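In UniProt numbering, the protein residues as written are 1 to 184. Heads up, the beta-carbon is just placed ideally off N, CA and C, and yes, glycines get one too. Since the structure is predicted, the reported quantities are computational estimates derived from the model, not experimental observations. The block underneath contains the structure these notes are about, expressed in structure tokens.
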């Protein structure tokens, strides 16, 4: 599964490079955006296809990101909590990614997520962009507290979530990050 994540990351990065080289067709009209978010649309995703890759070099994490946080999905990688936004550079977004802290896919998991510190880097590569986030803080919450997944005006946030403490797992640890840069 780690190899699959590495291959997917390279595929997305190469696609982004190819798109950078291609010249858009000449047109006198400006494309209409209408303020719409250009991030990934969940309706276009099948549940078994990874939508990105998360890399946390400090922890040795390299895992595929899936569009949901169901148990079956988390055995293959990490998943976007379905009530949150997909990772993107769009402002006013909050994406939350859940991962296990051990078990069958221990090397792909958030086992040592509690070792992340303010300023550490988290990279998310999607088909559309490479997102680099910096850790801004952490918090331990009750397992049923979903109030933390809120948007902040003019920010693109990513929250990493895992069971805590390991291996007891009756609470959740949240690692808060904010987008530092994006390469489209």
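Alpha-carbon spacing of residue i relative to residue j, whole angstroms
{"i": "residue 131", "j": "residue 177", "result": "11 Å"}
{"i": "residue 159", "j": "residue 81", "result": "10 Å"}
{"i": "residue 52", "j": "residue 6", "result": "10 Å"}
{"i": "residue 148", "j": "residue 179", "result": "17 Å"}
{"i": "residue 161", "j": "residue 84", "result": "12 Å"}
{"i": "residue 87", "j": "residue 164", "result": "23 Å"}
{"i": "residue 55", "j": "residue 94", "result": "18 Å"}
{"i": "residue 127", "j": "residue 157", "result": "19 Å"}
{"i": "residue 115", "j": "residue 106", "result": "15 Å"}
{"i": "residue 141", "j": "residue 153", "result": "23 Å"}
{"i": "residue 122", "j": "residue 181", "result": "11 Å"}
{"i": "residue 9", "j": "residue 145", "result": "32 Å"}
{"i": "residue 68", "j": "residue 168", "result": "24 Å"}
{"i": "residue 104", "j": "residue 89", "result": "32 Å"}
Collapsed DSSP secondary structure at residue i in the structure displayed
{"i": "residue 10", "result": "helix"}
{"i": "residue 49", "result": "coil"}
{"i": "residue 181", "result": "strand"}
{"i": "residue 157", "result": "strand"}
{"i": "residue 171", "result": "strand"}
{"i": "residue 143", "result": "coil"}
Residues of its chain near residue i, where Cβ-Cβ distance is below 6 Å and the 5 sequence neighbours each way are ignored
{"i": "residue 73", "result": "66, 79"}
{"i": "residue 12", "result": "125, 127"}
{"i": "residue 184", "result": "129"}
{"i": "residue 63", "result": "5, 54, 77, 78, 108"}
CA nearest to the CA of residue i, picked from the options
{"i": "residue 166", "options": "87, 111, 6, 4", "result": "111"}
{"i": "residue 70", "options": "150, 97, 171, 63", "result": "97"}
{"i": "residue 174", "options": "129, 184, 101, 125", "result": "101"}
{"i": "residue 143", "options": "118, 153, 171, 137", "result": "171"}
{"i": "residue 113", "options": "89, 92, 61", "result": "61"}
{"i": "residue 138", "options": "117, 9, 169", "result": "117"}
{"i": "residue 3", "options": "169, 76, 150", "result": "76"}
Close Cβ partners of residue i (< 8 Å) along its chain, the five nearest in sequence each way excluded
{"i": "residue 120", "result": "56, 58, 134, 135"}
{"i": "residue 1", "result": "63, 64, 76, 77, 105, 108"}
7 Å Cβ shell around residue i - same chain, five flanking residues per side excluded
{"i": "residue 14", "result": "none"}
{"i": "residue 91", "result": "154, 155, 156"}
Problem - Minimum length 4: unbroken alpha helix (DSSP H) runs contained in the stretch 51-138 - result: The qualifying runs are 71-74.
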